[in-house]
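Letter by letter, the sequence shown follows residues 766 to 1303 of this note's numbering.
Below is one structure, written out as structure tokens, with a few remarks after it.
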Amino acid sequence: MIKTVATTPFEGQRPGTSGLRKKVPVFQTPHYVENFVQSVFDSLAGFAGKTLVLGGDGRYFNRETVQTVLKMAAASGFGRVVVGQGGILSTPAASHVIRKRGAFGGLILSASHNPGGPDGDFGIKYNIGNGGPAPEAITEAIFAHTRSIREYRIAEAPDCDLDRLGETSLAGMVVEVIDPVADYQALMETLFDFTAIRALFAGGFTMRFDAMSAVTGPYAHAILEGALGAAPGTVMNGTPLPDFGGHHPDPNLVHAKHLYDLAMSEAAPDLCAASDGDGDRNLIIGRGQFVTPSDSVAMLAANAHLAPGYAAGLAGIARSMPTSAAADRVAQALGIASFETPTGWKFFGNLLDAGLATICGEESAGTGSNHVREKDGLWAVLLWLNILAVRKQSVAEIVREHWARYGRNYYSRHDYEEVPADGANALMQALRDGLAALVGRHAIVAADDFAYHDPVDGSLSEHQGIRVLFGDGARIVYRLSGTGTAGATLRVYLERYEPDPSQHAIDTQAALAKLIVLAEELAGIARHTGRSAPSVIT
Ligand code: G1P
Ligand code: ZN
């Protein structure tokens, strides 16, 4: 029985950088999930009888939403929904399943690295048939539907058993519950030299991987401790919990500080790594050596040919605009193209589909390749392991050799979280209005509001952040977060290029001190936000 339910629009159901994200109680508002899901379906055409992939990071409200989506997908005419057991699929695994099954698209339930639990965050993101996040044309169409929605359709049926593998029927639609790890693991085995990595571990290499009580636990247990033979206990916090154990599943130096401290201690393993709530981000710290995400993209790209999946070389390297230019220098040395895209993984999709880029990365701990259409935390860890296994050097040695060859891009991001939106918008507007006047002052050679012309589909994305560029390769970038759920978050990205190896051991904040002062002077951060210091420095 299909029921049609009358509803009225909710304000603010516009998908942000990565889908619709709100507090759990907002999603729990009657009809809230249904309105959004119906708006997604209403903005798509031609999916009758086709397959939808569905899964999430296991956070609070995941299971309930999976049931709702299943009943609505049946009511809207999908032929099959492939859902991860327990409603679990990491974001990169979902992307892979969409591609492998030739699915019409997928819905991923996650708020990434944001906290979970009854007062935490929840999110819904639609991915298209290439496995990647829906492009802006679709997310804007979804938003338009959310503003005019009058009714939604849902099957009246009992809940599905999400824990039993196999197929069942729901109002004429097939529900197929799959092992969330198997397909993903098989894909990793095609990309990396598992034999070499197994030998690395057998030779005494030690590692700690923190799954942060989030989705990568089952993947890491199966791949690292299972297939690769890492010692039991290598994976910590390996059971997904609805509230992530009360932690913030964000693998950065604030929320994974214990890993940093371990890596810097006498007891440091050879490699410390972590992933976030939904498994698409990564943190890499060698013994005594933190690797910034921007550097990690560059170093992975420079060494990717050491892994079987990339032995033929890379087509190009793409990075988001605020990500440091370290990757550009590698692309230049390899004689391949480099691309600078707006923030958000969705902008890499066209480049990957068109075969223009092979490796992509963002400063926000996201790295990935053409194997899926999302960033992929475990993939980055496995590529590092493959490189370490082949080069037989430590992370620290590889980092130092990289800097010596390409120069070092000192880099940091200063976040001012949950500031008043009015102040943050006024700050951005004042910068925009004053762009032309900046050039020539303080050795600024260019200043703009970044706009991206997609080279594949010709689309234009404007207002993607203010760039202030200096003659020596230094940059300050200002932009407002598109993933926050309260107030506004101002992100200030600082970068300075240092070619001289004798200057490569300076503390990052000290190396950027002059730019930090200038960033305040140019934007009046304290005046506009009422904050004299950032809330998070990464
Ligand atoms: C943040 C990151 C961005 C990433 C996104 C989704 O978006 O900065 O690189 O793609 O999360 O993980 P923001 O909050 O800055 O809009
Ligand atoms: Zn994430």
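Beta carbons are placed, not taken as given, at the ideal position from N, Cα and C, and that holds for glycine.
Boundaries of the beta strand (DSSP E) harbouring Asp975: Met972 to Asp975, taken from the DSSP string.
If you compare the alpha carbons of Ala976, Met766 and Arg1256 with that of Asp1045, the shortest gap goes to Ala976.
The beta carbon of Ala1067 is closer than 6 Å to those of Val1095 in its chain, skipping five residues each way along the sequence.
A straight line joining the alpha-carbon of Asp924 with that of Val831 spans about 10 Å. Distances between the C-beta of Asp1198 and the heavy atoms of ligand 2 are all 6 Å or more.
Closest option to Glu941, judged by alpha-carbon separation, among Leu817, Val791 and Ile1082: Leu817.
It is roughly 20 Å from the alpha-carbon of Thr773 to the alpha-carbon of Leu809. Judged by DSSP in its simplified three-state form, Val834 adopts helix. By the criterion of a C-beta distance shorter than 6 Å, Ile893 is surrounded in its chain by Gly870 and Ala899, once the five residues flanking it on both sides are discounted. A Cβ-Cβ contact shorter than 7 Å links Ile873 with Lys890. Annotation: Pro857 to Ser1134 spans about 11 Å, alpha carbon to alpha carbon. In terms of side-chain proximity, the C-beta atom of Thr1108 is found nearer than 6 Å to a non-hydrogen atom of ligand 1. A straight line joining the alpha-carbon of Gln1158 with that of Thr971 spans about 14 Å. For His861 and Thr933, the gap between their C-alpha atoms comes out near 23 Å.
When DSSP states are grouped into helix, strand and coil, Asn895 belongs to the coil group.
Note on geometry: alpha-carbon atoms of Ala996 and Ala1298 lie some 42 Å from one another.
Residue range Ala1186 to Asp1198 is occupied by the alpha helix (DSSP H) that includes Met1193.
Ranked by Cα distance from Ala985, the options Val848, His1020, Asp1265 and Ala1039 are led by Ala1039. Taking the C-beta atoms as reference points, Ser1085 is found no nearer than 7 Å to Thr1057. For the alpha helix (DSSP H) assignment, the uninterrupted runs of no fewer than 4 residues enclosed by the region 1115 to 1185 are, from N- to C-terminal side, 1142 to 1156 and 1160 to 1171. In the three-state scheme derived from DSSP, where H, G and I count as helix and E and B as strand, Met1001 is classed as strand.
Asp822 has its alpha-carbon roughly 30 Å from the corresponding atom of Met766. Around Tyr1258, the same chain offers Pro1087, Arg1178 and Val1242 as residues with beta carbons nearer than 6 Å, after the five sequence neighbours per side are excluded. In this model, Glu1031 and Ala1021 are separated by some 18 Å (Cα to Cα). For Gly896, the Cβ stays outside the 6 Å cut-off from all heavy atoms of ligand 1.
Not one heavy atom of ligand 1 falls within 6 Å of the beta-carbon of Thr1250.
Here the alpha carbons of Pro795 and Ala868 stand approximately 29 Å from one another. For Ala906 and Tyr825, the gap between their C-alpha atoms comes out near 28 Å. Look at Arg824: its beta carbon is at least 6 Å from all of the heavy atoms in ligand 2. Ligand 2 never approaches Arg866 closely enough for any of its heavy atoms to be under 6 Å from the residue's Cβ.
In the DSSP annotation of this structure, Val946 is not part of any alpha helix (DSSP H), being labelled neither H nor E. DSSP places Gln1268 in no beta strand (DSSP E); its state is neither H nor E. Under the three-state reduction of DSSP, His1218 is assigned to strand. Rounded to whole angstroms, Asp1041 and Leu1148 show a C-alpha spacing of 17 Å. The three-state reading of DSSP puts Ile1101 in coil, since its state is none of H, G, I, E or B. When C-alpha distances from Ala1278 are compared across Gly1131, Cys1037, Tyr1176 and Leu854, the shortest belongs to Tyr1176.
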